[in-house]
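Notes to accompany the following structure.
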Amino acid sequence: MSCENSQISNKKIIVVASPTGRVGSSALMGLFKLAGINLGGKKTGLSGKAPMAPKGFFEIPGLKQINPKYFKGGMPYPIDINDYKNFGKLYTDKFIKLLNTEFGNNFPIAIKSLRLFIIPMLHEIKQQNDIYIIRLRRDLERQSKSLQKVFKRSNIIKTLESCKLHILRWQTFEKKVWNIYQDFVFIDVTFEDLINKPIQIMSYINDKIKITLPPNADIKGCL
């Protein structure tokens, strides 16, 4: 562990994790913003709005630049799990630098783990920080249809079956990831509960993490 890593310690880090999209990660990040949690973007800003995320993706563009190859392609195959495990050794210093640059010292923070990329790096710093991982999941059929619509908006034709297979491949990879990295605090949330019962879900998350909850009316209006 380099001395650079010591700049992040005793901090509360909330991670919104899913191997694939269309599970409500942007909606949950929007609720965290409403709760006054730091979403980063101090240097580069956050990724903007899009038809599939009208209120924004709430993603830090620089995160993908740590390992651009990993994020290439709309429907990539997961990498070998042993190569993935090496991310902790390879990229933790770069990840810590990004946290310092994009979030400053304003904690708690919330960050998306796109394609589960940052989990090995978080494991490298977990002894010095309070890290909570929110794992999102959605009904396979509905998620597949939603993903298919995203591609259609970009004039990319994908069959429903190919979208399902893409999601299932990554879910298999996800199981391998959590079998390796078991010693985090996990909070499991479904897309359906998040959208249909946002007040209850935010209260459930608050019981685990202890954040400042926004008014109920604001929570309903955010989705």
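Once you know that position 20 of the sequence shown is 219 in the working numbering, the rest is easy, because the numbers rise by one and skip nothing.
We treat Cβ as the ideally placed atom computed from N, Cα and C, and that holds for glycine.
Distance check for S217 and L335, CA to CA, integer angstroms please. 6 Å
Cα separation between M320 and I398? 31 Å
Looking at C-alpha atoms only, which residue of D387, L393, I207 is the closest neighbour of Y331? Just measuring C-alpha positions, the residue of D387, L393, I207 sitting nearest Y331 is D387.
Nonlocal neighbours in the same chain, by C-beta distance under 6 Å from D329, ignoring five residues either side: K211
Quick one: measure Cβ to Cβ for I418 and L230, integer angstroms, because I've assumed they're closer than 8 Å. 6 Å
Please look up how many angstroms separate the CB atoms of V222 and Q342, rounded, as I've assumed it's under 8 Å. Taking 8 Å as the upper bound for CB-CB distance, V222 and Q342 are in contact here, some 6 Å apart.
In the DSSP output, what is F385 paired with across the bridge? For F385, which the question treats as bridged, DSSP gives the partners I332.
Is DSSP giving S205 helix, strand or coil here? With a pLDDT of 43 at S205, under the threshold of 50, the predicted position of this residue should be treated as unreliable, and no value is reported.
Helix, strand or coil, according to DSSP, for S246 in the structure here? Coil.
Let me confirm a value: S402 is counted as buried when at least 16 other C-beta atoms fall within 10 Å, else exposed. Which label applies? exposed
Could you tell me which residues DSSP pairs with S217 in its beta bridges? L313
Using 8 Å for Cβ pairs, my map puts F257 next to K296. What's the rounded Cβ distance? Not quite, the Cβ-Cβ distance comes to about 20 Å (not below 8 Å), so this is no contact.
I want to see whether chain C comes within less than 8 Å of I318, judged by CB atoms only; does it? Of the protein chains in this structure there is only one, and it is not chain C.
S224: buried (16+ other C-beta within 10 angstroms of its C-beta) or exposed? Flag for S224 reads buried.
Exposure label - F307; buried when at least 16 CB within 10 Å: The question names Phe, but residue 307 is Pro in the sequence shown. Burial call: buried.
Assigned secondary structure, I394 (DSSP; H/G/I helix, E/B strand, else coil): helix
8 Å CB neighbourhood of L346 in its chain, flanking five on each side removed: T219, G220, R221, K357, C362, H365, I366
Is the separation between the beta-carbon of K241 and that of F302 shorter than 8 Å? yes
Helix, strand or coil for I212, going by three-state DSSP, please let me know. strand
Taking the Cβ atom as the reference point for each residue, do A309 and I213 lie within a distance shorter than 8 Å? yes
Return the chain-ordered list of same chain residues with a C-beta closer than 7 Å to the C-beta of P275, the five sequence neighbours on each side being excluded. For P275, same chain residues with a beta-carbon under 7 Å away, outside a window of 5 residues either side, do not exist.
Within a Cβ cutoff of 8 Å, which residues of the same chain sit near L227, ignoring the five residues on either side of it in sequence? Here the set comprises V215, I333, L335, V388, L393.
Identify the continuous alpha helix (DSSP H) that holds S353 and give its terminal residues. Where S353 is concerned, there is no enclosing alpha helix (DSSP H), given that its DSSP letter is neither H nor E.
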